[in-house]
Amino acid sequence: MSTDTTAVATSEVELAITGMTCASCAMRIERKLNKLDGVTATVNYATEKAKVSYPAGIEPRQLVEQVEAAGYSAALPAVEKEEAAGQDTAVDPITPLRQRLIGSAVLSVPVIVLAMVPAFQFTYWQWISLTLAAPVLVWAAWPFHKAAWANLRHGAATMDTLISMGTLAAFLWSLYALLFGTAGTPGMTHPFELTVQRMAGDGNIYLEVAAGVTTFILAGRYFEARSKRRAGAALRALLELGAKDVAVLRDGKEVRVPIGELAVGEEFVVRPGEKIATDGVITEGASAVDASMLTGESVPVEVVPGDTAAGATVNAGGRLVVRATRVGADTQLAQMAKLVEAAQTGKAQVQRLADRVSAVFVPIVIALAVGTLMFWLGTGGSVAAAFTAAVAVLIIACPCALGLATPTALLVGTGRGAQLGILIKGPEVLESTRAVDTVVLDKTGTVTTGQMSLVAVHVADGADEEKTLRLAGALENASEHPIAQAIARAARERTGELPAVEEFASVEGLGVQGIVGGSAVLVGRSALLEQWSHHLTPELAEAKAAEEKLGRTAVVVGWDGEARAVLVVADTVKPSSAEAISRLRELGLTPVLLTGDNEAVAKAVAAEVGIDTVIAEVLPKDKVDVVKRLQGEGKVVAMVGDGVNDAAALAQADLGLAMGTGTDVAIEAGDLTLVRGDLRAAVDAIRLSRRTLRTIKGNLFWAFAYNVGALPLAAAGLLNPMIAGAAMAFSSVFVVFNSLRLRGFRSITA
C-alpha cells in the first residue's frame, strides 16, 4: 500500500462576491467554502472578494456553486473582466441604495408626523399613512427582507433579521387592524394617554415604526456603503502612479509610445523631472533619483551607469538612458499593488456590534412571542387577545433605537472628525481602535517633514556664515538637485536675494562649481574640493564626520583656494512629533519607528522624538512582514504612513492611519485619513474613534434595555400604543442626544 504524503498542488482564484450585507455573511461564505476538501478561503466583506486556494480535483465553477448554495452570488475573474468590458456604463451599486433612502425619507416623514401629533390626525389619516408606508415596507426595505430570508435559510440571525421581522410585524398588524379591526373607522385617532390596560389591539396601527426604522437603517447603510466602496480604489490609485508613456530609443531616435508597448531590453530616455517608466538599469547619464515612494529614504539616490532604477520613481537631476529589465506585472510597482491587494483581502473585518447583539436578541424575541401566544391560548384567552400579545412582543422589539444607535453616533463622530481633519471610513474602523496597543510610524513625511532642509552650518575660523550661505546658495540655486535646492532656499531666507553666477558647471556625481562675486566657488563632496587642493581643516573634518554619523548629508563649501565650511542637510522632524509620541504613550500605545532609511538616521530621529523601538532599512514588502510579525506576537497594530511604500502595510495593519499630505494610494489603503500633516491628528483620531465606539455601545445598551423592559408589558397584553410610541420615541431621542454629545469632542491642539 502506498504511503505517499506528497502535498497536492493547489491553485488560487479570487471570486467577486455579491449579496453580503454584514461581516457575518462573509464568515458564513468562508465556512461554506472551507467545507470543500483541500479548500482554504478568506472572504473580505469590505472588498467583497474571496481569495480561495483549491486542490487540482476541484473546478473553480464548484467554488461559485458553493457560494451560491450559501445564498450569495459569485463571479470568476474572467467573467468579471468580460462584464466590465461589455458594460462600461454599469450602474453604480450605491445608486439603488441612495434611491431607496431618498424615497423612503420622503414617504416616511409625513407618516411619522401624523402618528406622533394627534392634532394632525384628520379623517382618514390612517389610510393616507398606509398608502405612504406601503412602498417603504415593500420597496425600500426589500434588501433587509431579502437578507433576512437568506439568514433564515441558514439558521442565522443578524440586524437584518431584526429589522425585517419588526417592521413586517408592525406593518402587517397595522394592515390587519385597518382592514379587520377598528383602526380603519373614519375619525380614528391615537389619543395621547398613558393608561396601562389590556385591549384587543385591533384599533392600533404602527406604520410610523415600520417606516421610520426602515429610513433610519437605510441612512446608516448608505453612508457605510459609500465608504466601503473606496476599499478597491487603493489599487487603482497605485497603478495610476506609473508613467503613461515613454520615450523609447529605436534606430537612434526617440519614439514616444504608450507604456504597454515597452519591451524588456529596450532603452528609453528619462529627462529631469520625469518618472522612470519601468524597472531597469542605467546605461547612460548620471542623476539623483527620488526613490522615497518605494524605499522611504528622504535623500535622493545618486545613480550612474550600471545602477538599477525602479519604475515610477522620479529623476530629479540630469538626463538618463535606461534599459528596461522588467515590465508590466513584474515591476516593483505592480508587486506593491499585489501586496496591497493581499493585505486588504486577508484583513479580517469585525462583525457589527449590532449584529452580535441581534444574533442573541432575535431568537429570544421569537421564542418569547411564540411563548406568549401559547400561554394565552393555553390559559383560555381569546385567539384575538393571544395574537395581539404575541404581535405586540414583535412590535415592541422592533429595533428603532437599536437601528439608530450606530448610524447617529457614527454620523456625529465622523462629522466632528471631519471638522478636525480626521476622515473615518466606516463603523468597522471604530471597533479596531479599541484594542490597538502598538502604533507603527513611518519616518519620512510622518514623523519628519519629508523635505530636505538646511539644519546646520559649520564654518572654519575666519569664515563668515552669511557670506558662506550667500555664495553656496547662489551656486546651488542653478542646480536642480533636491539637496542643492534645500541649501538655496535656506540661503534666500537668511541672506535675501542671491547674487548671479558665472561659468556654472556641474561635475558628475561630485557637485557644482562657478564664479560668484569674483570668487571661484566649489560646493559638493570632499573629493571635488580635493581635486582643486581645497583641504578640510581638522575642525571641519570632525564636524563633517559627526554629522554623517547621525545619517545627515554633509556638503562642503570652498572658495579662493580654501575649504571654508560644511553645510548639513537633513529631513527635519516635525515640531509636533515629540508631543504626539508622548500622547500616544498616554493612550496605552507602544510606538515603533519603521523606515526604509538607514539605521543611523532612523535612530537619530527616534531619539529626538522619544521612540525606543526602531526598525530601519526595510523595503515595502518587509514593512508588511513587520506588521504581520507584530500581529503574530499577539499585538493589535495601528500603522501611520503617508507614502506609496506604506500602502500595503496600512492595509495589513488592524488600523491604518494615512496622512492626508501623502499620496492618494496611502490615503485609499488606510482606514482613517488625517487631513493635517500633524502627527497629533493621529492621537485625536484614536481618541475620537474610541469615544465614538463608547457612545455606540452606550446607545446599544440603552436601546436594548428599553426593549427588555418593555417586553414583559407586551407579553402581558398591556401594550398601549401611546406607551409604546412614547417609549420608542424616548429611547430614540436618548440615542440621538447621547450621540450629539460627541460634538463636544476637543482636539489636543485646541
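Numbering-wise, full-length UniProt numbering puts 405 at position 405 of the sequence shown, and it's gapless, one number per residue. Glycine included, C-beta positions come from ideal geometry on N, C-alpha and C.
Query: DSSP state of P55 mapped onto helix, strand, coil; Result: strand
Query: Collapsed DSSP secondary structure at Q121 in the structure displayed; Result: coil
Query: Per DSSP, cross-strand counterpart(s) of F268; Result: V248, V322
Query: Three-state secondary structure assigned by DSSP to N598; Result: coil
Query: Range of the contiguous alpha helix (DSSP H) that encloses W173; Result: 159-179
Query: Close beta carbons around V255, own chain, < 6 Å, minus the five adjacent residues each side; Result: V248
Query: Alpha-carbon to alpha-carbon, H481 and P499; Result: 19 Å
Query: Integer-rounded CB distance, given that D290 should sit under 8 Å from A310; Result: Actually they are not in contact, since the Cβ atoms of A310 and D290 sit about 11 Å apart, beyond 8 Å.
Query: The beta strand (DSSP E) enclosing E284, as first and last residue numbers; Result: 279-284
Query: Host beta strand (DSSP E) of S576 (start-end); Result: Neither: S576 is in no beta strand (DSSP E) and is coded neither H nor E.
Query: Whole runs of the beta strand (DSSP E) within the stretch 482-538, excluding any shorter than 3 residues; Result: 501-507, 511-516, 519-524
Query: Short Cβ contact (8 Å threshold) for D597 with T449; Result: no
Query: Best match in F144, V43, V281, L320 for proximity to G306 [C-alpha to C-alpha]; Result: V281
Query: Inter-stretch contact (C-beta, 8 Å, three-pair minimum) for the stretch 463-480 and the stretch 666-675; Result: no
Query: Contact check, T595 vs A616, beta carbons under 8 Å; Result: yes
Query: Residue range of the alpha helix (DSSP H) that includes T388; Result: 383-396
Query: Within 8 Å, strictly: CB atoms of V512 and L550; Result: no
Query: Residues near E502 in its chain [Cβ-Cβ closer than 6 Å; skip 5 each side]; Result: I515
Query: Beta-carbon proximity list for L377, same chain, < 6 Å, skipping 5 on both sides; Result: A386
Query: Pairwise C-alpha distance: P620 and S479; Result: 31 Å
Query: C-alpha distance - V614 paired with V592, whole-angstrom precision; Result: 6 Å
Query: Beta-carbon separation (whole angstroms), A286 vs V269, contact threshold 8 Å; Result: With a Cβ gap of about 14 Å, A286 and V269 do not count as contacting.
Query: Nonlocal neighbours in the same chain, by C-beta distance under 7 Å from L650, ignoring five residues either side; Result: M639, G641, G656, A658, A666, A669, G670
Query: K146, enclosing alpha helix (DSSP H) - first and last residue; Result: 142-153
Query: Cα-Cα separation between V736 and R489, rounded to whole angstroms; Result: 53 Å
Query: In DSSP terms, what H190 is bridged to; Result: Answer is none; H190 lacks a bridge partner.
Query: Simplified DSSP assignment, three categories, for L15; Result: strand
Query: Nearest to E12 (by Cα), restricted to the options T42, F180, E599, I29; Result: T42
Query: Alpha-carbon spacing of L33 relative to K51, whole angstroms; Result: 10 Å
Query: Buried/exposed call for T195, threshold 16 Cβ in 10 Å; Result: Any reading at T195 is ruled out, since the residue's pLDDT is 48, under 50, leaving its predicted position unreliable.
Query: Among S506, D622, G318, nearest to E284 - alpha-carbon criterion; Result: G318
Query: Alpha-carbon to alpha-carbon, L529 and S453; Result: 23 Å
Query: DSSP bridge partner residues for G558 (one or two, in chain order); Result: L522, A563
Query: Given L373 as reference, the closest of E508, V447, V393 once Cα atoms are compared; Result: V393
Query: Chain-order list of residues whose beta-carbon lies under 8 Å from that of V557 (same chain, five-residue window excluded); Result: T468, L471, A472, V521, L522, V523, A563, R564, A565, V566, L567
Query: Exposure label - L179; buried when at least 16 CB within 10 Å; Result: exposed
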